Structure formats: structure tokens, C-alpha cells
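Next comes the structure, spelled out in C-alpha cells:
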């Protein structure tokens, strides 16, 4: 390889490694040295491929949310709104404590601490979390139209509630909470659906 020539690399594999660094350290805490070492590339190659550290984060987030969208699509395919909520929270509990991944969720962990020069990062992460919330809301709107949810049910409020619980579980997982603890939180949180569905007193 000639001097100065960008090193060839597997972009998907490199993004997977970058994703893990951002997940473990957050955007602010992840250094270029950590990222390039994990991705097995040099800094010029990183900047040539992604433009900047923030550009790399967005590319890693695109890969992460692509997988997340496949998961949420399966969750939304549940037969009832109550089952959607149960899958969403219980599978969050399992995923956030999966030893194969860093604890918590990249969409929360990535932007917990951002200083001057990275002010856009929390908004980028929040927009992606909102996308999931919107998907839940639309599913609950459909459930209400199908009479699965009661007349007094608030699809937007329920979606926002589930999103907030999932984010809180992420913070707890990153602080060392185990799967059993998160599943207990999920089980208690699901009581919010009691009385919301037709056939359960709605």
C-alpha cells in the first residue's frame, strides 16, 4: 500500500466496531484513537469515509436503527396493543442486559454527556427515539380504531409512556441493573394498560 493511500476496510464491520465504542463511551467520551483502533483504520481513512466524528456517529446510528427497525416491526406485529407493549418492554429488558452488547441502549448512551461542539448529537439521538415512539403511537391508533383499545385510551400518551420507561431502563442497565430488575420494572409498567383495552374494563 502506497504512503498516504487510504486503507481498504469493510465498512459494515468497521461501523459495527464504531457503534460499540460509541455505545460504551458515549459520543463525547469516544476518542478518535479508540474509534480508529476498533475499526482497524487510520484517522485519514476515517475522515475520508465519514467526514467527521459526528458523521461517523450518524453512519453508526443508521446501522443501529436499521436493526432496531427490523425489531420494532416484529414487535408491532403482535396481535394486541397489550402484547405490543409487553414485547416492547420485556425485549428491551433482555436486550439492554444482553452480555453480547454494551449495557443500555446506544440511542440513550450515545448522548448522555455532550459538550460544546457536539450540541447536535443529543438532538440526533432524540429524533431517532421519537421515530420509535411515533411507530408505537401509530400502532395504538390502529388498535383504538379496531376497538382493541378503549375509547378513553390515549395512543400518543401510551407511546410516550413506553418510550420513557424504556429510556429509564436503559439508564438503569448502564448503571448495573440486571435483567430481573428490568423485567420487574416492565411488569409493573404494563399495569398502565390495565383498563385501557376492551375486555379489561375500558
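Numbering (this note's numbering), first residue to last: 3 to 204.
Built from N, CA and C at the ideal position, the CB exists for glycine as well.
These numbers were taken from a predicted model, which means no experiment stands behind them.
Check, Outcome
"Taking just the CA atoms, how far does residue 146 sit from residue 108?", "31 Å"
"From residue 171 to residue 82, what does the alpha carbon distance come to, in whole angstroms?", "23 Å"
"Can you give me the Cβ contacts of residue 131 inside the same chain, cut-off strictly under 8 Å, excluding the 5 residues immediately before and after it?", "109, 110, 165 and 169"
"Applying the criterion that 16 or more other CB atoms from any shown protein chain within 10 Å of the CB defines a buried residue, is residue 34 buried or exposed?", "exposed"
"If I'm right that residue 173 touches residue 106 with Cβ under 8 Å, what's the distance once you round it to whole angstroms?", "7 Å"
"Need the endpoints of the alpha helix (DSSP H) that residue 181 sits in, please.", "181–191"
"Rounded C-beta distance between residue 75 and residue 123? I'm assuming under 8 Å.", "Contact doesn't hold; Cβ gap of about 26 Å is too wide."
"For the candidate residues 181, 188, 64 and 192, whose alpha-carbon lies nearest to that of residue 101?", "181"
"Which value, in whole angstroms, describes the spacing of the CA atoms of residue 179 and residue 48?", "35 Å"
"When the Cβ atoms of the region 56–65 are set against those of the region 147–159, are three or more pairs found closer than 8 Å?", "no"
"Can you have a look at residue 24 and say buried or exposed, based on whether 16 or more other CB atoms are within 10 angstroms of its CB?", "buried"
"Taking all protein chains shown into account, decide if residue 69 is buried (16 or more other Cβ within 10 angstroms of its Cβ) or exposed.", "exposed"
"Going along the chain, which residues of its own chain have a beta-carbon closer than 7 Å to the beta-carbon of residue 95, five neighbours each way excluded?", "171, 181, 184, 185 and 188"
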